[in-house]
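In the numbering used here, the protein residues as written are 6 to 133.
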């Protein structure tokens with residue numbers, strides 16, 4: 006080659022690609038893609054749990070507000086409170102478990118005479 010050779014025919018640097026460098030770059034690319042995929046999946050799962058928790062809290066709040074409205078009218082009977090708690094979640098069937106009548110997210114405790122005693126403690130922790 007001489008000075009008159011066009012530049013596109015000249016090789017300034019030899020093109021060598023060390024095999025280990027190429028493999029390291031491929032591994033880094035695969036690793037970073039796997040990390041981003043994991044982060045995206047984890048964020049989606051976290052968001053799903055947060056949405057479910059928020060929906061349950063909204064439901065418990067709506068039920069509690071319905072109970073307060075009923076109690077403000079002076080109605081503390083077992084049947085009136087159960088019906089009030091069912092208003093926000095009419096598809097929820099009441100059932101008894103561990104001394105509470107459960108409706109949706111709330112558990113109501115009554116004594117043997119049907120007098121309201123308290124809500125379940127989880128409702129106390131969930132509501133603001």
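Just so you know, even glycine gets a beta-carbon here, dropped at the ideal spot from N, CA and C.
Bear in mind that the values here come from a model prediction, so they are computed numbers and not experimental data.
query: Distance CB(residue 109)-CB(residue 64) smaller than 8 Å; result: yes
query: Beta-carbon contacts of residue 114 that lie in its chain and below 7 Å, excluding the five residues immediately before and after; result: 104, 105, 122, 123
query: DSSP state of residue 112 mapped onto helix, strand, coil; result: strand
query: Limits of the unbroken alpha helix (DSSP H) element including residue 61; result: 24-77
query: Residue 75 burial status per 10 Å Cβ neighbour count (16 or more: buried); result: buried
query: Contact test: residue 125 Cβ vs the ligand NAD heavy atom, cutoff 7 Å; result: Within the structure as shown, the ligand NAD is missing, as the structure has no ligands at all.
query: Pair within 8 Å by beta-carbon distance, residue 107 and residue 99; result: yes
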